[in-house]
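Enquirer:
In our numbering, the protein residues as written are 1 to 137.
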């Protein structure tokens, strides 16, 4: 089974992110990152994500950005380079307990999750294109 199909993320109570784009179906569940579906080498990073990031804000924000590729507040692109900058910015915030090694692990994990989101979006576009062709006939 592909990681894209196996990885399931939740985004809380909202069915769509703040900027209105529908979330890929892989990102709709019951509020958990399913550890067994995350590559072994990234599992400890998943724990860091849940513990460190939730200290300051809901996990919905980064999960929505990762699902859609759009920043949680700005609506700007949110890809690998943006993820690195975001983690560094969060690490530097007063009261943040994110250490350098954890930040590096977070970036690897978040880039992986964004890739899952990108693949899901691509599949959603293909599915909706197929549905449009069927209804056009």
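Where a beta carbon is used, it is the ideal one built from N, C-alpha and C, also for glycine. Values in this document were obtained by computation on a predicted structure and should not be read as measured data.
(1) Measuring straight from C-alpha to C-alpha, what distance separates residue 169 and residue 64?
(2) Give the DSSP bridge partners of residue 77, in chain order.
(3) Rank 40, 119, 124, 70 by C-alpha distance to the C-alpha of residue 83 and give the top, closest one.
(4) What are the boundary residues of the alpha helix (DSSP H) that residue 43 is part of?
(5) In this structure, does DSSP put residue 52 in helix, strand or coil?
(6) Return the residue from the list 78, 53, 61, 129 that minimises the CA-CA distance to residue 92.
Expert: Taking the geometry as given:
(1) In the structure as shown, the chain begins at 1 and stops at 137. Residue 169 is therefore absent and cannot be evaluated.
(2) Among the bridge pairs identified by DSSP, residue 77 is matched with 70.
(3) Ranking the options by Cα distance to residue 83, first place goes to 70.
(4) Taken as a continuous stretch (DSSP letters only), the alpha helix (DSSP H) holding residue 43 covers 43–48.
(5) In this structure, residue 52 counts as helix in the three-state DSSP scheme.
(6) For the residues 78, 53, 61, 129, the minimum Cα distance to residue 92 belongs to 53.
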